[in-house]
Structure formats: C-alpha cells, structure tokens
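S.K.: Submitted below is the structure of interest, expressed as structure tokens.
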Amino acid sequence: QQSCRACPRRASCPGTAAPGPGGAVQPAGTVVDVDRGYWRWNEEAEAIFTCPHPRLCEGGPIPGDPSCREGSEGPLCAVCSDDWYFSESRDRCLECESDDVDIVTVVTLLVLVLLIAPFVVHRLFLS
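Here the numbering used here runs 5 ahead of the position in the sequence shown, where the first position is 1.
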C-alpha cells in the first residue's frame, strides 16, 4: 500500500500526480529532486535547507555531499574539501595551487641555462 505526501518546497518530484494545495502529491519513496541553492541531509529527510552559499549547492536527486559543487562538502556544502579554499570574491571553493614543480618550467629553465652558459664561459675565459 502506498501513502502520499506533498512534494517539499524547493524541490520537484518527477512522476508525481497533478499539483494540489501545498504542492504535488507523490507516492512514498519517490525521488525528490532538490532545487539548486538548497540542500537535504538524506533521502528520508523532509526538511530542505537554504544554503548559505547557494553556488555551492547544486541540488539534485542525491542528498548530502553528492549534491555539493566540486570542492565543497558537508552540511549545507559549507566546507571546502581538502586542498580547496573558499574565495569570498567568487563565493565558492577553489582548488589550491599545486606545490609540484611544473615540468615545462624545469625544461625551459634548463634550455635557457644551456643556451646562456656558453656565452658566459666564453666571456670569462676571453676577459
């Protein structure tokens, strides 16, 4: 036997009956597709929360961390993942620069040294 409940505000419920007062009526267990800018704890949770940084909450049918934008996680997607930081100006988490030495930079510097070294050595010995 199926029971019905209203589709939560800030979400859509694909495959639901025609909208009625208080939202669409859906069978229990139907997917709840949370709107962008909102977050839901788990599939059983009825409450849908407004995210403090709406750009971090992508919404969707899967609640929790999977509904967060890449680089963010946790309740309300309000925590930046490891090796990410929050940019106030962009209102989102950005990936930290890598400390690894770029191979292109190393090769470029090596080529420059090999090109300049003969001139330096030549000047030293001719002077």
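Ideal Cβ positions, reconstructed from N, Cα and C, are used throughout, including at glycine.
This structure is a prediction, so every number in the text was calculated from the model and none was measured.
Closest by CA to L61, which one among L131, C98, I53?
M.R.: C98
S.K.: Do you know whose CA, among A83, R95, V116, lies nearest W46's CA?
M.R.: A83
S.K.: To the nearest whole angstrom, what separates the beta carbons of G64 and Y43, a pair I think is in contact under 8 Å?
M.R.: About 6 Å; that satisfies the 8 Å criterion.
S.K.: Once DSSP output is grouped into helix, strand and coil, what is the label at R15?
M.R.: coil
S.K.: Who does G65 pair with in a DSSP beta bridge?
M.R.: V39
S.K.: Is DSSP giving P26 helix, strand or coil here?
M.R.: Reliability fails at P26, whose pLDDT of 45 lies under 50, so the model's placement of it is uncertain and no value is given.
S.K.: For S77, which beta-bridge partners are listed by DSSP?
M.R.: C85
S.K.: Could you name the residues of the same chain whose beta carbon sits closer than 8 Å to that of G76, not counting the 5 residues immediately before and after it, in chain order?
M.R.: C85, S86, W89, R97, C98, L99, E100
S.K.: Would the C-beta of S72 count as close to the ligand ATP, meaning under 7 Å from any of its heavy atoms?
M.R.: For the ligand ATP, the structure offers nothing, since it holds no ligand at all.
S.K.: For S94, name the three-state secondary structure that DSSP assigns.
M.R.: coil
S.K.: So if DSSP puts F54 in a beta bridge, which residue, or which two residues, is it bridged to?
M.R.: W44
S.K.: Report the CB separation of C18 from V39 in whole angstroms; it is logged as a contact under 8 Å.
M.R.: In fact, because the Cβ distance is near 10 Å, the residues do not count as touching under 8 Å.
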